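J.: For reference, the structure I am asking about is given below.
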Amino acid sequence: MMKVAIFPGGFDPLTRGHLDIIKRGSQLFDELAVVVNTRIDQETIFSVDERVEQVKYLMSPYDNITVITANELNVKLMDRIGAQYLIRGLRNTTDFQRERDVASMNVHLDSRVETVFMLTDPKYQHVSSTLIRKYAKEGKDVSDYLPPLVNKQLLEKIEQMK
-16 MMKVAIFPGG
-6 FDPLTRGHLD
4 IIKRGSQLFD
14 ELAVVVNTRI
24 DQETIFSVDE
34 RVEQVKYLMS
44 PYDNITVITA
54 NELNVKLMDR
64 IGAQYLIRGL
74 RNTTDFQRER
84 DVASMNVHLD
94 SRVETVFMLT
104 DPKYQHVSST
114 LIRKYAKEGK
124 DVSDYLPPLV
134 NKQLLEKIEQ
144 MK
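The opening residue of the sequence shown carries number -16 in the working numbering; numbering runs sequentially from there.
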């Protein structure tokens, strides 16, 4: 039986921390779907289409990674595409507490769902897309935390916002 996982997120912007989790996850599973969530509860810089294109471009070297969008509960998406595993990256104890609760609810909704927690690489534990957006808008250099393509597009977006 194929081991299929999803890694959902807003990816606004996609960070090197996200890439680290995706690459490591792709080594654990036969298929990995990176899910760009179309409904985010916060202000975004990139459109859904822009985020999808960024992720697709960066995932193109990987044969077992697909990029999809979703606007539904992860458990419903997993059932629809035949995924058994949900990957979540953990940066700190706050992430763990929130993700543990979500994982428990997911199991309540569908007992077949298995959440796999992956610890974020220590050099990215303090990085979040929210912080990246905030500091980039303030003119700070965030290029160490973003793939070059994403950094370039982020700087262009911020310039357009002025």
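Glycine included, C-beta positions come from ideal geometry on N, C-alpha and C.
All figures in this text were calculated on a predicted structure; none of them were measured in a lab.
Answer yes if the segment 13 to 30 comes into contact with the segment 78 to 91, meaning at least three C-beta pairs across the two stretches below 8 Å, and no otherwise.
T.: Verdict: no, contact absent.
J.: For the structure I just gave you, are there three or more beta carbon pairs, one from the segment 116 to 133 and one from the segment -3 to 15, closer than 8 Å?
T.: Yes, they touch.
J.: Taking C-alpha atoms, which residue in Tyr107, Met144, Leu69 lies nearest to Val58?
T.: Here residue 58 is taken as the residue at index 75 of the sequence shown, counted from 1. Among Tyr107, Met144, Leu69, the Cα nearest to that of Val58 belongs to Leu69.
J.: Arg7: which of Arg95, Lys120, Val99 sits nearest, CA to CA?
T.: Within the sequence shown, numbered from 1, the residue matching residue 7 stands at position 24. Nearest of Arg95, Lys120, Val99 to Arg7, Cα basis: Val99.
J.: DSSP three-state label for Asn57, please.
T.: For the purposes of this step, residue 57 is taken as the residue at position 74 of the sequence shown. Helix.
J.: Taking DSSP's pairing of strands, which residues face Gly8 in a bridge?
T.: As a first step, residue 8 is located in the sequence shown; it is residue number 25 there, counting from the start. Bridge partners of Gly8: none, in fact.
J.: In the DSSP assignment, what are the bridge partners of Pro(-9)?
T.: Locating residue -9 in the sequence shown gives position 8, where the first residue counts as 1. Per DSSP, Val18.
J.: Tell me the residue span of the alpha helix (DSSP H) that contains Val110.
T.: Working through the sequence shown from its first residue, we reach residue 110 at position 127. Here Val110 belongs to no alpha helix (DSSP H), and DSSP marks it neither H nor E.
J.: Counting C-beta neighbours from all protein chains within 10 Å, is the total for Asn20 16 or more, i.e. buried, or is it exposed?
T.: Stepping through the sequence shown from its first residue, residue 20 is reached at position 37. Asn20 is buried by the Cβ-count criterion.
J.: Out of Tyr45, Tyr118, Leu56, point me to the one whose CA is closest to Arg22's CA.
T.: Your numbering for residue 22 matches position 39 in the sequence shown. It is Leu56 whose Cα lies nearest to the Cα of Arg22.
J.: Mark Asp(-5) as exposed unless 16 or more other C-beta atoms lie within 10 angstroms of its C-beta, in which case mark it buried.
T.: On the sequence shown, position 12 is the one that residue -5 refers to. Asp(-5) comes out buried.
J.: Return helix, strand or coil for Glu33, following the three-state DSSP convention.
T.: As a working mapping, residue 33 is identified with position 50 in the sequence shown. Glu33 falls in the helix class under three-state DSSP.
J.: Do Ile64 and Val17 have their C-beta atoms within less than 8 Å of each other?
T.: Here the question's residue 64 lines up with position 81 in the sequence shown. Here the question's residue 17 lines up with position 34 in the sequence shown. No.
J.: Can you grab the Cα-Cα spacing for the pair Val50 / Ile4, in whole Å?
T.: As a first step, residue 50 is located in the sequence shown; it is residue number 67 there, counting from the start. As a first step, residue 4 is located in the sequence shown; it is residue number 21 there, counting from the start. Taking the straight line from one Cα to the other gives about 15 Å.
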